[in-house]
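Since the structure comes first, as structure tokens, the remarks are kept for the end.
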Amino acid sequence: MSHFPLTQVAWQSVGRRFGISFTCAFCGVAVAAELGIHALARSPEGWSTGIELRFCPGCMHPTVFWVEEGERPKGQLPPPPVRSLDPRLGKALPTKVRVLTQEVIAALAMGAPTLAALGARTLLTHVAAEQGAPKGTFQQNVSWLLENAWIPPNGRGWVDRIRTQGNEVAHDLELVAADEAGTIWLVVETLLRNVYQMSTVG
Numbered sequence: 021m022s023h024f025p026l027t028q029v030a031w032q033s034v035g036r037r038f039g040i041s042f043t044c045a046f047c048g049v050a051v052a053a054e055l056g057i058h059a060l061a062r063s064p065e066g067w068s069t070g071i072e073l074r075f076c077p078g079c080m081h082p083t084v085f086w087v088e089e090g091e092r093p094k095g096q097l098p099p100p101p102v103r104s105l106d107p108r109l110g111k112a113l114p115t116k117v118r119v120l121t122q123e124v125i126a127a128l129a130m131g132a133p134t135l136a137a138l139g140a141r142t143l144l145t146h147v148a149a150e151q152g153a154p155k156g157t158f159q160q161n162v163s164w165l166l167e168n169a170w171i172p173p174n175g176r177g178w179v180d181r182i183r184t185q186g187n188e189v190a191h192d193l194e195l196v197a198a199d200e201a202g203t204i205w206l207v208v209e210t211l212l213r214n215v216y217q218m219s220t221v222g
């Protein structure tokens, strides 16, 4: 269901509710907050979208989450802080790789982990092609990167996480949790540094 447009929101009073763990966009601290407000949001489809507002226990700034029936909170607003692309790494990246990297970061920042995971998979494919890998499947690209030492021998497991997540999204219509997408991003960032930034050191 789309969260927009919302035609009416019915807010309840402030109180302690179930805890939500998140990284506050205002102070950058990972917190678990119970103090907040619940609301029902009316869309053209009816009263079916819940809103949970939580106050950061550190800085007391408010954060809003969408909560649909039977699902865990998602769609954090404002989104959690995502580290911007390191200027030194960004300068070393080819244009297409840099653009894809920025799109993955933007998807994570907007609370779109499924899109971020798919973007990370596409990004890895572009890295392989840019380094000279012959056209092939994603698994063939991973194997080529391993055989040519762009991925360390003990790195097959963490790169395989990207393949698995991409398959689940593309073929099994599964969604990706925010923490999983964050892990995938760390994997991709490590690969980018190994392929592009480390080659400029010397």
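Residue numbers for the sequence shown follow the working numbering, so the first one is 21 and each next one is one higher. Ideal Cβ placement from N, Cα and C applies to all residues, glycine included. Here the structure is a predicted model, which is why all the values come from computation and not from measurement.
| task | Look up residue 171 in the DSSP assignment and say whether it is helix, strand or coil. | result | Coil.
| Considering only C-alpha positions, which residue in the set 206, 93, 70 and 197 is nearest to residue 58? | Nearest C-alpha to residue 58: 70.
| said: Whether or not the region 172 to 183 and the region 79 to 96 are in contact is what I'm after, with contact meaning three or more pairs of Cβ atoms, one per stretch, closer than 8 Å; do they touch? | reply: No, because fewer than three Cβ pairs between the region 79 to 96 and the region 172 to 183 fall closer than 8 Å, the two stretches do not touch.
| Secondary structure of residue 72, DSSP reduced to three states | In the structure shown, residue 72 sits in a strand (DSSP, three-state: E or B).
| task | Taking only the alpha-carbon atoms, compute the straight-line gap between residue 140 and residue 154 and give it to the nearest angstrom. | result | Going by the C-alpha atoms only, they are around 19 Å apart.
| request: Tell me, please, which residues DSSP counts as bridged to residue 82. | output: In the DSSP assignment, residue 82 forms a beta bridge with 75.
| said: Looking at the strands, I want to know which residues DSSP matches up with residue 43. | reply: Beta-bridge pairing links residue 43 to 50.
| Own chain residues within Cβ distance below 8 Å of residue 228, not counting five before or after | The structure shown does not extend to residue 228, since the chain is modelled only from 21 to 222, so the question has no answer here.
| query | Taking C-beta to C-beta, are residue 115 and residue 196 nearer than 8 Å? | reply | No, the pair does not count as a contact, with Cβ atoms beyond the cut-off.
| Should residue 204 and residue 137 be called a contact, given that it needs their Cβ atoms to be closer than 8 Å? | It is a contact, given that the beta carbons lie within the stated cut-off.
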